[in-house]
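Numbering (my numbering), first residue to last: -17 to 435. Yeah, the Cβ is synthetic: ideal placement off N, Cα and C, and Gly gets one too.
This is the structure in structure tokens:
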């Protein structure tokens, strides 16, 4: 009697190899990118961060100039993904010592593009693959990912599969900016974007800029401790502070200075000047320049503050008290007119009562329009403070004179104006949205704002 034992022939599993020799279980080398100048950046040699991104040296670099293993959308209906099998087989990044063929690799490589605010812009890139990277949206983040684990396998052979390890990698990229520094936008409080002008971009702020006429740029109005954030391409907030200093004086005018700080990568510009605590003080229209170079020859932003305001917290006790309070401040302060505060119009209120204010910017309704103040063809100031700065209360502009006040009638923060509605009745304006109302002069629960000149 004889016994026969049959053993299966044991061979070698297929494997991934990037050089034809070394077996690789880690396939994160597929997460590399190639820059427009041909430089290859890999997960192993990249140290970029949002604060220290890769600086592209090629002018007018396009998304299509950044090469990855994800085939471009014009030849890849699955963009922003691409099958690993296609990459491994096409590039011959695999081997099998037993000669088994037809490998498959589970999973896809995928990518996502983000702008500097963290918005996923991958769909935009897919549909605009040949558009240029914009300094005002930088630094960009490009994230590439492969499943944490998967298999390469062949149809035949024992064993016929092996495991690979994947992962993800993010690269931070900053395009070359042709000018030393490029103004992108100036962002005050974004509250109240119901109506905006042509020079306002939702979620960003004022993006128009007239380098030759600072009086056309934001802000034209100011108050102590109001602030706005500047997005600038080409130079970081830290670099701009090193160039300009943390405190900036006016190039003409008097009474006001700027304090510069880094706020999440944006250049925060805080206004410093006469306030309630100083009982006012002299102000004359002041022009400022911010520079992009140490020699102070290249101006990247300039503006002129033409009016200065002081808010006085707490209920006024009536119109006359407000008028007297402004007159008591040093520096020639007065009660503001409606157009010093808002650019809105209002014919009737919600109950049908006549308001009869139609002197605002044509086309603006009850809520003010986010618009830079200007003078119309008749020389009339078309403002004002609330239209430019948004909801002017110290719950947002911390440390300012503008009270986070809620009157007992409408829950607003209404300020007296010098414009008469009728005998013993003046117009009032809400600091939160520029809405106009009117009240009898004896009404105690409205607020005091003062302005000069």
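Opening and closing residue of the beta strand (DSSP E) in which residue i lies
i, result
"residue 166", "164 to 169"
"residue 191", "Where residue 191 is concerned, there is no enclosing beta strand (DSSP E), given that its DSSP letter is neither H nor E."
"residue 51", "Run containing residue 51: none; DSSP gives neither H nor E here."
"residue 411", "407 to 412"
"residue 292", "289 to 294"
"residue 109", "No beta strand (DSSP E) contains residue 109, which is instead part of the alpha helix (DSSP H) from 104 to 109."
"residue 401", "396 to 404"
"residue 205", "203 to 205"
"residue 420", "418 to 422"
Top-ranked residue by Cα proximity to residue i, from the options
i, options, result
"residue 332", "321, 347, 322", "347"
"residue 66", "260, 202, 299, 148", "148"
"residue 317", "237, 431, 254, 345", "431"
"residue 249", "256, 274, 80", "274"
"residue 27", "422, 15, 68", "15"
"residue 393", "402, 277, 413, 403", "413"
"residue 313", "428, 402, 12, 433", "433"
"residue 354", "12, 143, 189, 420", "189"
"residue 200", "366, 143, 84, 258", "366"
"residue 184", "296, 1, 169, 194", "169"
"residue 476", "227, 205, 407, 292", "Not covered by the structure: residue 476. The range shown for the chain is -17 to 435."
"residue 87", "294, 429, 71, 225", "71"
"residue 372", "68, 45, 48, 178", "178"
"residue 401", "386, 415, 395, 419", "419"
"residue 138", "415, 93, -6", "-6"
"residue 20", "50, 319, 6", "50"
"residue 245", "229, 115, 31, 219", "219"
"residue 330", "349, 374, 172", "349"
"residue 369", "303, 323, 376", "323"
"residue 206", "321, 294, 152", "294"
"residue 448", "426, 31, 30, 13", "In the structure as shown, the chain begins at -17 and stops at 435. Residue 448 is therefore absent and cannot be evaluated."
"residue 197", "357, 421, 0", "357"
"residue 435", "315, 5, 29, 223", "315"
"residue 43", "424, 160, 125", "160"
"residue 299", "224, 195, 396, 172", "396"
"residue 158", "61, 119, 278, 85", "119"
"residue 258", "296, 234, 228", "296"
"residue 155", "231, 135, 31, 54", "31"
"residue 319", "69, 364, 125, 117", "364"
"residue 105", "192, 61, 345, 17", "61"
"residue 271", "230, 307, 110, 247", "230"
"residue 142", "48, 17, -2", "-2"
"residue 171", "109, 40, 208", "208"
"residue 114", "195, 40, 174, 228", "40"
Residue i - partner residues in DSSP beta bridges
i, result
"residue 388", "In the DSSP output, where bridge partners are listed per residue, residue 388 has none listed."
"residue 336", "330"
"residue 431", "293"
"residue 44", "114"
"residue 68", "In DSSP, residue 68 forms no bridge with anything."
"residue 284", "271"
"residue 63", "92"
"residue 8", "147"
"residue 31", "Looking at the DSSP assignment, residue 31 forms no beta bridge with any residue, so it has no partner."
"residue 36", "155"
"residue 375", "Per DSSP, none; premise fails for residue 375."
"residue 352", "178"
"residue 186", "DSSP, once it has assigned bridges, lists no residue as partnering residue 186."
"residue -3", "77"
Range covered by the alpha helix (DSSP H) that runs through residue i
i, result
"residue 305", "301 to 310"
"residue 78", "No alpha helix (DSSP H) holds residue 78; DSSP gives it neither H nor E."
"residue 370", "367 to 371"
"residue 323", "320 to 323"
Task: the region 336 to 351 touching the region 374 to 385, judged by at least three CB pairs closer than 8 angstroms - done: no
Open item on the list: With a threshold of 8 angstroms, are at least 3 pairs of Cβ atoms found where one atom belongs to the region 281 to 296 and the other to the region 249 to 269?
Closed with: As far as the Cβ criterion goes, the region 281 to 296 touches the region 249 to 269, which means the pair count is three or higher.
Task: Segments assigned alpha helix (DSSP H), at least 4 residues, entirely inside the region 212 to 278 - done: Entirely contained in the region 212 to 278, the alpha helix (DSSP H) runs reaching 4 residues are, in chain order, 219 to 226.
Task: beta strand (DSSP E) segments (min. 3 residues) lying fully within the region 90 to 154 - done: 90 to 96, 122 to 135
- [ ] Pair every Cβ in the region 231 to 244 with every Cβ in the region 252 to 259, then say whether three or more of these pairs are closer than 8 angstroms.
- [x] Yes, they touch.
TODO: Check whether the region 213 to 221 touches the region 160 to 179, counting contact only when three or more Cβ pairs, one atom from each stretch, lie closer than 8 angstroms.
DONE: yes
Open item on the list: Assess contact between the region 34 to 41 and the region 70 to 86, defined as three or more Cβ pairs (one per stretch) separated by less than 8 angstroms. Is contact present?
Closed with: no
Task: the region -3 to 13 in contact with the region 98 to 105 per 3-pair CB rule at 8 angstroms - done: no
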